[in-house]
Every structure is written in C-alpha cells, then in structure tokens.
DNA sequence: TCACACCGATTACGGCTGTAGTCAATAGCG
DNA sequence: CGCTATTGACTACAGCCGTAATCGGTGTGA
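Chains as they are written, first to last, in our numbering: chain A, 110 to 231; chain B, 110 to 231.
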C-alpha cells in the first residue's frame, strides 16, 4: 500500500501526472526550476518512489520509462482528508468557515462554490 | 518566525490551545492516550516547541507553566493554505469540487456551507 | 539529615528527507 | 578497439522527527 509521499517526491509525481511515461532525464528537465535540483537528486527521488510503489518503470533500451501508479486523484483525496481530519475534526464545513473568516473567499469563489453545491443537490 | 510544527508537536499544541497554561505533566496527561507517549516524550516535544518559539514558559516554583505563542487560528490558516497551494493551485474551489466529487458532503454539510456563504454575501 | 521523588536539560538513536557524489556497466564516437 | 558520455545503482551525510533513557539539581517525607 502506497507509503507516504514526501514533499520533494510529490514534485516528481506532479511531473509524471502531467505527462508519462518519461525518462529520468525528462523528469529532471520538467521539474520546476525553482527547485534547482541536480539530475542525481531527481534520480534518487524516482528510486524512492519506486520503492514506495508510487510509480513503476519499464525498460526502454538502456534506460527506464517511469509512469505513476498512484493516481493524482487518490493522492489529493488522501492529503485533503488528512488535513481536514487533523485540523477540522474531519468536517469540511469548519474549513470553509475558517477561510470565510479570513476573508479568503472572493465573490467569484463564493459563486463557484454555490454553483457546485447547487449541482450536487440536483 | 515560527518554524514548522511537526505532527507530534502539533498534538501537544492542541492540548495547550485547549487549555493553558499547563505544566509539562498536565500536558502529558491530556495528550490523547492513543499516542501512548511517555512523559519524557512530551517534555522533549515541549522543549522543541520552545526552541521553535511556538510556545513560551514561565517559572512557577519548581516547574514551568507552558502556554502557546502561536495562535491556533494562524496555524490552521497556514496549514490550510499550504495544502491548497500545493494541491489545488491556491484556490479553494477545486478542493470543494474535489470533495463533492468524492461524495463526501452530506446534505447537512451542503446546507451549512450555503448558510456560511449567504452570510458572507450579506 | 538522607534517600527519594520529581523536574527540566542533555543525550541517544534509528528512520525519513533533501540533496547529491561516486561506481559500474555499456553504448557509441573516433 | 579504446575512451568517453550516459544511465541506473549504491553510498553519503546532515538535519528533522518520533520516541525515550539518563543526568543533575533540589525540595520533602521519614
């Protein structure tokens, strides 16, 4: 069962979710430049993700092609749930209330969320 | 600036947010039993939180009384933002949409959120 | 007064993380 | 055919984390 994916590993996953399969070099090239990683660093992360069964690789000539095994959907769901459980007693409402308090919702956010909710009730 | 609070440290913070000031022993007693921590572990965590300036202590005779410096509100806001930035491009709407997709909103959740939003627009 | 209990401080230690260097095999270049 | 560039595997290493034992000071009940 997929172990926890660390922050740096997550950046690699994002690349593979965006496009796959890719070689290690491709991944290194696509990782956001802000990270400033060496190619070796990316390879290490790929290795760790393999060990965690979050990705798989297949041989392609003398290199490997990497592809995700974990779906982004699932990862995102897990992380969201973790946060909500940890900070909001498992309920989404307090999170929305919290953001509302903080004035972090624009009029458009509100409209969009209302639209989503309306859709749900339909 | 408050450094990052780890998961175990967070459990200690929750206790202090609930009630403070408390002695180390009080904290140890109130930490959720599931953690199964020894009193020493709690003291270590208190020490680390002190080093991170997340809490303060004042002498009270032989011992210290600990109180939070970081507000729960602020911590929660920071963690929420981190998640939303990392996974949802900084916007809340996709998070709500995501949870909606996963059928994780009850009718009551929807009603509550709508009420909050209505309040906001008022 | 004296062994003890209790407290905070210090030290421990294995595992995970971030970041990368080195090694061994090999596929081409010249 | 030998040298070099590439590629994955292995190794490194400091810092944080979870979890705790131990040390040193001291007020206290016997």
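Positions of the beta carbon are idealized from the N, C-alpha and C atoms, including for glycine.
C-alpha distance - residue 225(A) paired with residue 189(B), whole-angstrom precision: Approximately 21 Å, taken between the alpha carbons.
Cα-Cα separation, residue 191(A) to residue 113(A): In a straight line, the C-alpha of residue 191(A) is about 12 Å away from that of residue 113(A).
Neighbourhood of residue 158(B) by C-beta, 6 Å cutoff - its chain only, sequence neighbours within 5 removed: The residues 118, 164, in chain order, have a CB closer than 6 Å to that of residue 158(B) in the same chain once the five nearest residues on each side in sequence are set aside.
C-beta neighbour in chain A for residue 147(B), strict 8 Å: No, its Cβ sits nowhere closer than 8 Å to a Cβ of chain A.
Near-chain A residues of the stretch 125-150 of chain B - C-beta to any C-beta below 7 Å: Going along the stretch 125-150 of chain B in chain order, one finds no residue with a Cβ nearer than 7 Å to chain A.
Close Cβ partners of residue 137(A) (< 6 Å) along its chain, the five nearest in sequence each way excluded: Taking residue 137(A) as the centre and dropping the five residues before and after it, the same chain places the C-beta of 148, 151 closer than 6 Å to its C-beta, in chain order.
Whole-angstrom distance between residue 131(B) and residue 171(B), CA atom to CA atom: In a straight line, the C-alpha of residue 171(B) is about 13 Å away from that of residue 131(B).
Given residue 208(B) as reference, the closest of 215(A), 216(A), 183(A) once Cα atoms are compared: It is 183(A).
DSSP three-state assignment for residue 172(A), whether helix, strand or coil: Note: residue 172(A) maps to strand in three-state DSSP.
Residues within the stretch 183-194 of chain A neighbouring chain B, beta-carbon criterion of under 9 Å: Correct list: 184, 185, 186, 188, 189, 190, 191, 192, 193.
Contact list for residue 230(B) against chain A, beta-carbon separation under 7 Å: In chain order: 219.
Residues that DSSP places opposite residue 177(A) in a beta bridge: For residue 177(A), which the question treats as bridged, DSSP gives the partners 164(A).
Whole-angstrom C-beta distance between residue 167(B) and residue 178(B), which should lie under 8 Å: Not confirmed; about 12 Å, so no contact.
Simplified DSSP assignment, three categories, for residue 131(A): Correct three-state label for residue 131(A): strand.
Residue 214(B) in three-state terms, based on DSSP: DSSP, read as helix, strand or coil, puts residue 214(B) in coil.
Inter-residue Cα distance where the pair is residue 139(A) and residue 124(A): Cα to Cα, residue 139(A) sits roughly 6 Å from residue 124(A).
Between the CA atoms of residue 144(B) and residue 129(B) - distance to the nearest angstrom: Inter-residue distance for residue 129(B) and residue 144(B) is about 20 Å (C-alpha atoms, whole angstroms).
Integer Cβ distance of residue 199(B) from residue 193(B), believed to fall under 8 Å: Yes, they are in contact, since the Cβ atoms of residue 199(B) and residue 193(B) sit about 6 Å apart, within 8 Å.
Residue of 219(B), 195(B), 217(B), 153(B) minimising C-alpha distance to residue 133(B): Nearest of 219(B), 195(B), 217(B), 153(B) to residue 133(B), Cα basis: 153(B).
Spatial distance of residue 156(A) from residue 222(B) (CA atoms): Cα-Cα distance, rounded: 43 Å.
Neighbour flag for residue 114(A) against chain B, beta carbons, 8 Å: It does not; no Cβ of chain B falls within 8 Å.
Residue 201(A): contacting residues in chain B (beta-carbon distance under 8 Å): In chain order, 205, 208, 213, 214, 218, 222 make up the part of chain B whose C-beta sits under 8 Å from the C-beta of residue 201(A).
Counted within 10 angstroms of its Cβ, other Cβ atoms place residue 202(A) as buried (16 or more) or exposed: Burial call: buried.
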